[in-house]
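Visitor:
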Amino acid sequence: MDLEAFLKDVLVPVVDHPEQLRIEVTESGRRRDVLIHAVQSDRGRIIGRSGRMISSLRTLVKVAGEKAGLTVNLELFDEDEPAGVQ
């Protein structure tokens, strides 16, 4: 299951700076932690109105992960927050 390719296919048309969009997937057994890195101006687009876009993305990757027998956690990385706080 290629979560990175899936998320890029979904997010590239949405963001203004697709060249700076980066998806980082960390594997640990049956768990996948996915971090989306984007420029500040694109984070609002990824979050969406009232958080609907990021919530929908989380649901999609969670269900896709479950079908593949995986647990998937999706987060939007905020470079402005101190390390260890999310």
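Position one of the sequence shown corresponds to residue 26 (our numbering), numbered consecutively onward.
A virtual CB, placed ideally from N, CA and C, is assigned to each residue, including glycine.
Just so you know, these numbers come straight off a predicted model, no measurement behind them.
Kindly indicate if chain B contains any beta-carbon less than 8 angstroms away from that of aspartate 27.
Guide: Among the chains of the structure shown, chain B does not appear; only one protein chain is present.
Visitor: Excluding the 5 residues preceding and the 5 following isoleucine 79 in the sequence, name in chain order all residues of the same chain whose CB lies nearer than 7 angstroms to its CB.
Guide: Closer than 7 angstroms at the Cβ level, and outside the excluded window around isoleucine 79, lie Ile71, Ile72, Gly73, Leu101.
Visitor: Return the first residue and the last residue of the alpha helix (DSSP H) that leucine 36 is part of.
Guide: Taken as a continuous stretch (DSSP letters only), the alpha helix (DSSP H) holding leucine 36 covers 28-36.
Visitor: What are the partner residues of serine 53, as DSSP defines its beta bridges?
Guide: Serine 53 is bridged to Arg56.
Visitor: Could you give the first and the last residue of the continuous alpha helix (DSSP H) run that contains valine 97?
Guide: Note, valine 97: premise wrong, no alpha helix (DSSP H); beta strand (DSSP E) at 96-101.
Visitor: Between valine 59 and isoleucine 48, is the Cβ-Cβ spacing less than 8 angstroms?
Guide: In contact: valine 59 and isoleucine 48 (Cβ atoms closer than 8 angstroms).
Visitor: Return yes when at least one heavy atom of the ligand PLP lies under 7 angstroms from the C-beta of arginine 55, else no.
Guide: Ligands in the displayed structure: none, and consequently the ligand PLP is not present.
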